[in-house]
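Protein chains: 2
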Amino acid sequence: MNVQLNNFTCKKTAIFDSTLCLIKEHGFHGTPMSLIAKNANVAAGTIYHYFESKDALIKALYIYVKDGLADTIPLENNILSYKDLFIQYWVDQCEYFIAHENALYFLEQYLTSPYRNSNPEIESKLFLTRIVPFFQKGIDSGHIRKMDYQLLMPVIHGSIVAAAKYHLSGHYEFTKEKLRETALIIWDGIKKQPTTITTHPII
Amino acid sequence: MNVQLNNFTCKKTAIFDSTLCLIKEHGFHGTPMSLIAKNANVAAGTIYHYFESKDALIKALYIYVKDGLADTIPLENNILSYKDLFIQYWVDQCEYFIAHENALYFLEQYLTSPYRNSNPEIESKLFLTRIVPFFQKGIDSGHIRKMDYQLLMPVIHGSIVAAAKYHLSGHYEFTKEKLRETALIIWDGIKKQPTTITTHPII
DNA sequence: TGCAACCGAATGAACGTTCAATTAAACAAT
DNA sequence: ATTGTTTAATTGAACGTTCATTCGGTTGCA
């Protein structure tokens, strides 16, 4: 039974990984099922044993990739300050994308494609139970400026993805230090704004 | 000649707009040339009078859309402060995307597709001559914190696009005031950080 | 008369999907 | 252990459809 499970997982993940790799290179529709099959060392028909259609494969792949992101969510603890938790979240997620280029490009393509509209997010369990409360708590506890937490999402996620893509494009190398620096920019924007004494010229 | 030019422009832009509209709805490859033609009220063959191939059409469309963005770049003047220029830039660009949903989704799809890699950006003239100097000047003059200006790009552009998409998704209505508020978050992040007196609890 | 714009049916290649056939695994009975 | 039986996994050639592109012909303006 172990063997059976391994075989099962093996072929299925081979198909996933093959698809992920090809989609990054050639896009959704630039990757025919035949190529996916060849790249995964399975026959074309085999794919249809695991997935009803190409669409179903893409949808399942989305879940597969999102699950991989789960690990980047830092557990709350009493050691790190809220700010440091945020920085860690931002940097970890960005590093994950940099390390999993295929996943990033697939996700970006998926989220900007019409697939998204036709498939209400099924997997947001993770998002709803971990991420939303994390930021909501930040607002409630006074660490983040008072605002609809939904206003935060585009800013934070957008910056993470953009930075990862920027790094991967080769235009700029984000060292860990640079990543933290960028995360800090975002943090300085969303944190509760202190009373300020400006030190730069007033126009 | 004017009439000829008009006819020319008319069919060509009809094809552009038809493509833009269909791509938003069905994606790159979900939009066959035949549909583009029908939607633009031209014959399938006509498209090939203006564009060598579907690929060429997509590339030309990219330029077409980017040119439309040109108007959102605020001219520098002596009335607005640098900060206000930035806010205006951010809000204008975001409003443009909200008003031109098709353009936004096309751009997002294009930039996340393999097209981008196979076609080094031709059109960055605008980008290089207007936007880069604007931000470089902000850094040099001490309005923006000292950092590689290239670090700024992902943060700023990412937040603009993400906010526009968020609004368009219907999750949240960005009034002009909310847009300014969001732009201010970004500004508070990138501006030269003042000496601070924190007013929230220190952990 | 010539030339550019325009048409739309025809073409052929590419692709997603099916299916009849084959192999491998799991289980039951002896 | 061996055999027979059932079920699952796998194959790849074949099918039918879709789609980008072509091309011979038509229109209308200079």
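Heads up: the sequence lines are chains Y and F, in that order. Going by UniProt numbering, 104 is the number at position 104 of the first sequence; the sequence numbering is gapless. Going by UniProt numbering, 107 is the number at position 107 of the second sequence; the sequence numbering is gapless. We put the beta carbon where it would ideally sit given N, CA and C, even for glycine.
Taking the CA atoms as reference points, residue 174 of chain Y sits about 6 Å from residue 167 of chain Y. Taking C-beta separations shorter than 7 Å and ignoring five residues to either side along the sequence, the partners of residue 54 of chain F in its chain run 33, following chain order. The beta-bridge partner set that DSSP reports for residue 191 of chain F consists of F:144.
Judged by DSSP secondary structure, residue 71 of chain F falls outside any alpha helix (DSSP H); it is assigned neither H nor E.
Residue 87 of chain F is positioned such that its CB atom lies closer than 8 Å to that of residue 180 of chain F.
Remark: C-beta atoms of residue 65 of chain F and residue 37 of chain F do not approach each other more closely than 8 Å. Between the alpha carbons of residue 153 of chain Y and residue 11 of chain F lies a gap of roughly 41 Å.
Distance from the CA atom of residue 22 of chain F to the CA atom of residue 137 of chain Y, rounded to whole angstroms, is 41 Å. Not a single CB atom of chain Y sits nearer than 8 Å to the CB of residue 18 of chain F. Around the Cβ of residue 19 of chain F, a 10 Å sphere holds 16 or more other Cβ atoms; the residue is buried. Annotation for residue 36 of chain F: the continuous alpha helix (DSSP H) segment containing it runs 33-40. Interface with chain F (8 Å Cβ-Cβ cutoff): residue 100 of chain Y is excluded. Among the residues facing chain Y, residue 183 of chain F is not included, as its CB has no counterpart in that chain under 8 Å away. Around the beta carbon of residue 159 of chain Y, 16 or more other beta carbons sit within 10 angstroms, so the residue counts as buried. Look at residue 108 of chain F: its C-beta is under 8 Å from a C-beta on chain Y. In the structure shown, the three-state DSSP call for residue 175 of chain Y is coil. Against residue 27 of chain Y, the close residues of chain F are 113 and 114, in the order they occur along the chain (beta-carbon pairs closer than 7 Å).
Rounded to the nearest angstrom, the gap between the Cα atoms of residue 49 of chain F and residue 107 of chain F is 24 Å.
With respect to the 8 Å criterion, residue 145 of chain Y and residue 192 of chain Y are classified as neighbours on the basis of their beta carbons. A residue is called buried when at least 16 other Cβ atoms come within 10 angstroms of its Cβ; residue 176 of chain Y does not meet this threshold and is exposed. When the beta-carbon positions are compared, residue 15 of chain Y and residue 40 of chain Y come within less than 8 Å of each other. Your pair residue 155 of chain Y and residue 162 of chain F checks out as a contact, with CB atoms roughly 7 Å apart and the cut at 8 Å. At the C-beta level, residue 194 of chain Y and residue 26 of chain F stay beyond 8 Å of one another. Its chain contains 51 as the residues whose beta carbon lies nearer than 7 Å to that of residue 60 of chain Y, once the 5 sequence neighbours on both sides are disregarded; these appear in chain order. With contacts defined by Cβ atoms closer than 8 Å, residue 170 of chain Y and residue 185 of chain F do not form a contacting pair. Contact with chain F is absent for residue 132 of chain Y, since none of that chain's Cβ atoms lies less than 8 Å from the residue's Cβ. With its beta carbon less than 8 Å from one in chain Y, residue 153 of chain F belongs to the interface.
Contact with chain Y is absent for residue 56 of chain F, since none of that chain's Cβ atoms lies less than 8 Å from the residue's Cβ.
Residue environment for residue 183 of chain F: buried (at least 16 other C-beta atoms within 10 angstroms of its C-beta).
For residue 133 of chain F, the closest of F:119, F:157, F:143 and F:149 by C-alpha to C-alpha distance is F:149. Residue 94 of chain F and residue 44 of chain Y have their alpha carbons spaced roughly 44 Å apart. Sorting F:141, F:127 and F:118 by C-alpha distance to the C-alpha of residue 68 of chain F places F:127 at the top. Residue 52 of chain F carries a coil assignment under DSSP once its states are collapsed to helix, strand and coil.
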